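To start, the structure itself, in structure tokens.
Chains as they are written, first to last, in UniProt numbering: chain P, 1 to 648; chain W, 1 to 93.
Okay, structure coming up:
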């Protein structure tokens, strides 16, 4: 019995017991459903073992949406707790756990898979390739992310959630102050999915550098591919720092080392330093692909080519460099001298310049354009002013002397949500609506989409703008309640109403998927938006080999040239196509990583060692495996092309 | 016969052995901390470059510039991060 006590929740509540029951019921439901409809074989063959970048992208997309709802529920609970003074919906411990998991889930398990979804779906299509450079590694990346996400999500029913904030600062995150296993979950779940992200980074960089279609020089790549390239470059340089910091934190917690302890020669501030050396570039890893999506959507719906392609590219390159030079602005108040703070103030303000360049480029793209206000365009148009407000408050926070006033207040919370929601979340939703027809074969309903858009935008403004005011008045972040005398009550109530309106917006998006699935026309052709770049040049649904003949490219908008200027995209005869074969090993490895992670969280050394051996066994197996993929014959290609509406 | 003999790789192998022996001297001879660290750092960086160029074939393809500019970018980032960390936690604390 003593053995099982470690799995108990240290601080249970009826809500957690209800979640346990819900999780058990959903799991049973899924298993029963799969068995009843005899879908196990389909699931295994088409999804679990796939190495196709499009299917992996769709799995990332589904995971990201699931995690968006998980993180969204956390957010609603926090806003509900703060909506009135001295509320007793949550106690301090639950509030701590909820803001911690909200942050981690939204950044690591929602935003990251969302951008990986679009990179997987779009990059090979935009550069005219048949898949990514290392398809099986790509599948492994996904399953590692998935294992990490699941490990993190079971924390609140088995052993307790982390409660030291998404930044998990030591010494609070050390064993002395966080005794239960929650922070182990944090360290190990993020570690597993972080390894997956690092592998995606290497994979995407290689793909973009090595597999571009004939004629596509670097300066003729579509802008989303450029942004994906820069983001992955940042991943390759930033994620190793996180990997090492998490490993040091793990050994501190599990093996009593003293990297981040406050005594025995440890240095707790080193964690904050490492965390933000990764953490600030991470912000740009998320925002650059979002910028890339806006750069695809705005030209399409303005019927103009992107204004200033070269400045766009150079500003991203500059951002990728500067993003590594600003990390101290997250802890101006930690105690370092004025010299250091001044240096990092200046670099932080400098990074606003290339970002401003991009804002103006989008505005000039729209200038004199024939704008169509579709749902993706609405998100993009709303993004520009809202994100600019977030950027301006960012420059306020960048002034280190003034930051002593803002630090750890709701002003900061308002600022980063003001950049992440209109920046990243709006981009993802715009991209989702824009690319939905390409990957699922039907359009999302515009009317419901517009309702969802307005709910999200109005809800966002109501939820976060009041926080600027309460923050300046001194409401601290991460405080689970406040007294009536502070006067924060009414504005927090407005925030809660805003959050509720946003929740309605997200429900509308789900309803839209369901409604459009039932009612939308399937006769939409391969280019329903009259778009400009290469991903729209192939059929819908996209054949597994993407392009029957590789496209020849002469500009960054090759498809537009083909439609308008008579450019010949596809030339020559069909040839046999070489494709990678499916493999179950990435999925199995992901599951073994899950077991290993779980064992490490609870210090179960025997299963941990067995699982680690299993991981090495899988790697060895891959080294000795001879698999040259398979070939699709010319007849088969012709047959598929004929079925999909003839070769262009 | 001459073009079949991998002269570059053999030279590289011998050079990497020599570099390892020089690094080993730090352990087996009695020298000051500064001198030892200098020798280790210098040999380590030459060794890493050697491995990268000779045995990992960096720069042998036409887009070799991509590898070298990535390495350069990496070095700049690492140097700046380390200097910044020292500045924050030691020099200006």
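Don't be surprised by glycine CBs; every beta carbon is placed ideally from N, CA and C. The structure presented is a predicted model; accordingly, all values stated were derived computationally and were not measured.
CB contact below 7 Å: residue i versus chain P
i	result
residue 81 of chain W	yes
residue 92 of chain W	yes
residue 22 of chain W	no
residue 58 of chain W	no
residue 61 of chain W	no
residue 88 of chain W	yes
residue 77 of chain W	yes
residue 15 of chain W	no
Residues near residue i by beta carbon distance below 7 Å, same chain, minus five either side
i	result
residue 59 of chain W	53, 67 and 68
residue 70 of chain P	105 and 153
residue 59 of chain P	47 and 142
residue 548 of chain P	574, 637, 641 and 647
residue 451 of chain P	508
residue 599 of chain P	607, 608 and 611
Integer Cβ distance of residue i from residue j, believed to fall under 8 Å
i	j	result
residue 478 of chain P	residue 249 of chain P	20 Å between Cβ atoms; not a contact.
residue 189 of chain P	residue 67 of chain P	At roughly 12 Å, the Cβ-Cβ gap does not stay under 8 Å, so residue 189 of chain P and residue 67 of chain P are not in contact.
residue 221 of chain P	residue 127 of chain P	7 Å
residue 160 of chain P	residue 9 of chain P	5 Å
residue 592 of chain P	residue 615 of chain P	6 Å
residue 230 of chain P	residue 320 of chain P	5 Å
residue 315 of chain P	residue 280 of chain P	Actually they do not touch by this definition, with Cβ atoms about 17 Å apart.
residue 75 of chain P	residue 382 of chain P	Their Cβ separation, rounded to whole angstroms, is 20 Å, which puts residue 75 of chain P and residue 382 of chain P out of contact at 8 Å.
residue 238 of chain P	residue 282 of chain P	6 Å
Run of the alpha helix (DSSP H) containing residue i, from where it starts to where it stops
i	result
residue 60 of chain P	53–82
residue 649 of chain P	Since the displayed chain P opens at 1 and closes at 648, residue 649 of chain P lies outside it and no answer follows.
residue 88 of chain W	Where residue 88 of chain W is concerned, there is no enclosing alpha helix (DSSP H), given that its DSSP letter is neither H nor E.
residue 371 of chain P	Run containing residue 371 of chain P: none; DSSP gives neither H nor E here.
residue 176 of chain P	Unbroken run through residue 176 of chain P: none, as it is neither H nor E.
residue 654 of chain P	Since the first and last residues shown for chain P are 1 and 648, residue 654 of chain P lies out of range.
residue 490 of chain P	489–519
residue 136 of chain P	135–153
residue 123 of chain W	The structure shown does not extend to residue 123 of chain W, since chain W is modelled only from 1 through 93, so no value can be given for it.
residue 5 of chain P	2–5
residue 313 of chain P	309–322
residue 240 of chain P	223–255
residue 130 of chain P	First-last for residue 130 of chain P: undefined, no H or E at that position.
residue 326 of chain P	First-last for residue 326 of chain P: undefined, no H or E at that position.
residue 96 of chain P	92–104
residue 295 of chain P	268–302
residue 418 of chain P	410–420
residue 605 of chain P	605–624
residue 14 of chain W	7–28
residue 193 of chain P	182–210
residue 405 of chain P	400–406
Neighbour flag for residue i against chain W, beta carbons, 7 Å
i	result
residue 324 of chain P	yes
residue 273 of chain P	yes
residue 648 of chain P	With a pLDDT of only 46 at residue 648 of chain P, under the threshold of 50, the placement of this residue in the model should not be trusted; the figure read from the coordinates follows. It does not: the Cβ of residue 648 of chain P has no partner Cβ on chain W nearer than 7 Å.
residue 237 of chain P	yes
residue 356 of chain P	no
residue 243 of chain P	no
residue 126 of chain P	no
residue 247 of chain P	no
residue 174 of chain P	no
residue 277 of chain P	yes
Sequence-distant residues of the same chain with beta carbon closer than 6 Å to residue i, five excluded per side
i	result
residue 421 of chain P	460
residue 90 of chain P	81
residue 73 of chain P	none
Same chain, Cβ closer than 8 Å to residue i, five either side skipped, listed in chain order
i	result
residue 298 of chain P	306, 362, 365, 366, 377 and 380
residue 50 of chain W	12, 15, 16 and 19
residue 41 of chain W	none
residue 571 of chain P	549 and 552
residue 524 of chain P	437, 441, 442, 443 and 540
Terminal residues of the beta strand (DSSP E) in which residue i lies
i	result
residue 577 of chain P	577–579
residue 31 of chain P	Element bounds for residue 31 of chain P: not the beta strand (DSSP E) but the alpha helix (DSSP H), 14–36.
residue 632 of chain P	630–632
query = Below 8 Å, can you find three or more Cβ-Cβ pairs linking the segment 426–446 of chain P to the segment 361–368 of chain P?
reply = no
inquiry  = With three or more C-beta pairs closer than 8 Å as the rule, is the segment 262–275 of chain P touching the segment 198–214 of chain P?
reply    = no
Residues from the segment 25–48 of chain W in contact with chain B, defined by Cβ distance under 7 Å = Absence of chain B from the displayed structure is noted, the protein chains being P and W.
ask   = Does the pairing of the segment 18–28 of chain P with the segment 87–104 of chain P give three or more beta-carbon distances under 8 Å?
value = no
message = Under 8 Å, with one C-beta from each stretch per pair, do the segment 393–404 of chain P and the segment 345–356 of chain P reach the 3-pair mark?
response = yes
ask   = Would you say the segment 616–623 of chain P touches the segment 167–178 of chain P, given that touching needs at least three Cβ pairs under 8 Å?
value = no
task = For the segment 558–572 of chain P and the segment 114–125 of chain P, state whether three or more C-beta atom pairs, one from each stretch, are separated by less than 8 Å.
result = no
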